[in-house]
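In UniProt numbering, the protein residues as written are 1 to 430.
In this text, a Cβ means the ideal position worked out from N, Cα and C, and glycines have one as well.
First up is the structure itself, then whatever we jot down about it.
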């Protein structure tokens with residue numbers, strides 16, 4: 001598997017070079033610049049496209065991908081108006097727009113890039129290679145803890161140019177969780193739950209790899225990333241998403257309603273036991289890291305209450321620092337939806353919710369006939385689950401391979417790979 005054109009070379013070397021960029025503290029600028037390069041290249045291809053362009057070289061952008069672009073642009077408008085209403089000053093407004101261009105914008109740019117001549121199998125193989133690299137470096141990260149090396153290797157001065165947070169330009173070797181003294185690895189992510197998200201997403205991307213050996217390596221490596229992140233949500237998201245997508249993709253099969261009936265029947269009989277088990281599981285999940293759960297709940301409550309101060313356009317920026325009750329964490333962080341309401345207002349909330357819901361519906365419809373759509377749906381459902389755990393737009397520079405696959409699934413013809421949940425190779429229109 002080798003890249004065959006300009007866009008594939010950019011994607012291939014960006015993924016397999018992740019650790020190199022990370023140890024140079026360049027992973028954030030490299031990946032968001034990649035999104036803009038691919039977007040401008042797409043615009044160039046569309047501009048040069050004529051009615052005489054061969055069918056195999058034509059680019060067809062679906063309406064839902066244009067909707068992503070329009071809605072993300074609406075979020076930029078909400079940012080400007082929110083900053084003006086909150087009177088944060090010109091410098092802060094410009095900084096907020098720069099941050100929009102490095103996080104929110106990527107949620108539209110990378111899916112649009114999926115309309116270019118990019119093979120999904122190339123992304124799956126590159127992700128599996130990155131998972132193999134992770135399996136190799138994980139023991140060395142643990143070794144740094146055993147040798148009592150400092151947690152932070154160094155921070156790059158590049159952050160001063162963009163000013164969106166030191167964490168994105170810091171090389172971390174390991175971290176000791178406050179309150180529980182748990183050892184966590186971040187690898188190339190800025191914090192533990194971010195690595196858990198990436199591990200979950202890479203798990204589903206690895207399922208698309210047609211080569212059995214590489215697929216197994218990708219699955220093991222992605223699961224290892226989730227485990228070393230010690231992210232609670234990452235432990236339950238994979239089975240939830242896997243079962244959900246399997247059910248959606250098989251919903252037209254005759255066996256599905258029979259299975260639903262049996263599950264409903266036995267659920268009714270054992271409802272008391274199941275409800276008790278559910279409560280116990282929730283309590284165990286909540287108490288596994290009580291300080292973190294308390295801060296997340298308090299941040300969500302404060303953000304929802306403060307949203308009423310600027311319900312339409314929001315406050316424009318997060319409130320930094322937050323009160324001591326949330327350990328000075330910024331108001332508007334650690335939850336995508338409450339963060340949107342507080343920072344971007346109802347306008348920004350709807351602008352993000354609308355394309356996400358429509359994309360999930362579109363992919364769910366296509367999932368029964370396209371393996372690429374199933375992988376894209378798995379990615380989007382995983383991302384949706386994690387929106388309740390963190391501000392996920394800030395991590396688009398890490399999960400961008402999933403965004404490109406989503407763009408592929410939402411465009412025209414897709415060559416579907418052979419994946420474990422459907423062993424029959426297929427070529428479908430999605």
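CB of residue i within 8 Å of CB of residue j, strictly
i, j, result
"residue 379", "residue 348", "no"
"residue 345", "residue 310", "yes"
"residue 8", "residue 38", "no"
"residue 134", "residue 189", "no"
"residue 244", "residue 367", "no"
"residue 238", "residue 203", "yes"
"residue 173", "residue 144", "yes"
"residue 377", "residue 360", "yes"
"residue 372", "residue 408", "yes"
"residue 15", "residue 127", "yes"
"residue 195", "residue 171", "no"
"residue 362", "residue 158", "no"
"residue 155", "residue 193", "no"
"residue 207", "residue 215", "yes"
"residue 313", "residue 78", "yes"
"residue 97", "residue 80", "yes"
"residue 330", "residue 321", "yes"
"residue 334", "residue 370", "no"
"residue 19", "residue 137", "yes"
"residue 1", "residue 125", "yes"
Supposed close pair residue i, residue j - CB separation, criterion 8 Å
i, j, result
"residue 307", "residue 387", "Not quite, the Cβ-Cβ distance comes to about 16 Å (not below 8 Å), so this is no contact."
"residue 131", "residue 354", "Going by Cβ atoms, the distance from residue 131 to residue 354 rounds to 33 Å, so no, they are not a contact pair."
"residue 399", "residue 198", "6 Å"
"residue 68", "residue 107", "7 Å"
"residue 200", "residue 226", "6 Å"
Neighbourhood of residue i by C-beta, 6 Å cutoff - its chain only, sequence neighbours within 5 removed
i, result
"residue 177", "184"
"residue 252", "368"
"residue 404", "110, 113, 114"
"residue 397", "28, 31, 32"
"residue 74", "351"
"residue 22", "188"
CA-to-CA distance, residue j to residue i, given in whole angstroms
i, j, result
"residue 375", "residue 47", "30 Å"
"residue 229", "residue 395", "15 Å"
"residue 298", "residue 28", "29 Å"
"residue 276", "residue 233", "20 Å"
"residue 3", "residue 221", "23 Å"
"residue 424", "residue 150", "The predicted model places residue 424 with a pLDDT of 43, which falls under 50 and marks its position as unreliable, so this point remains unresolved."
"residue 393", "residue 269", "42 Å"
"residue 295", "residue 209", "39 Å"
"residue 384", "residue 241", "10 Å"
"residue 103", "residue 161", "15 Å"
"residue 437", "residue 53", "Nothing can be reported for residue 437: it is not among the residues displayed for the chain, which extend from 1 to 430."
"residue 247", "residue 356", "20 Å"
"residue 342", "residue 255", "45 Å"
"residue 141", "residue 17", "18 Å"
Close beta carbons around residue i, own chain, < 7 Å, minus the five adjacent residues each side
i, result
"residue 447", "Since the displayed the chain opens at 1 and closes at 430, residue 447 lies outside it and no answer follows."
"residue 325", "298"
"residue 92", "83, 317"
"residue 217", "128, 131, 132"
"residue 389", "193, 233"
Contact with chain C by residue i, beta-carbon distance below 8 Å
i, result
"residue 260", "Looking at the structure shown, chain C is missing, and only one protein chain is on hand."
Which whole runs of the alpha helix (DSSP H) in the region 35-78 are 4 residues long or more, in chain order? none
Residue ranges of each beta strand (DSSP E) run of no fewer than 3 residues wholly in the region 141-166, ordered along the chain? Listed in chain order, they are 152-155.
Quick check on the DSSP output: what are the complete beta strand (DSSP E) runs of length 3 or more inside the UniProt domain "O-antigen ligase-related" (219-353), in order along the chain? As far as the UniProt domain "O-antigen ligase-related" (219-353) is concerned, it has no whole beta strand (DSSP E) run of at least 3 residues.
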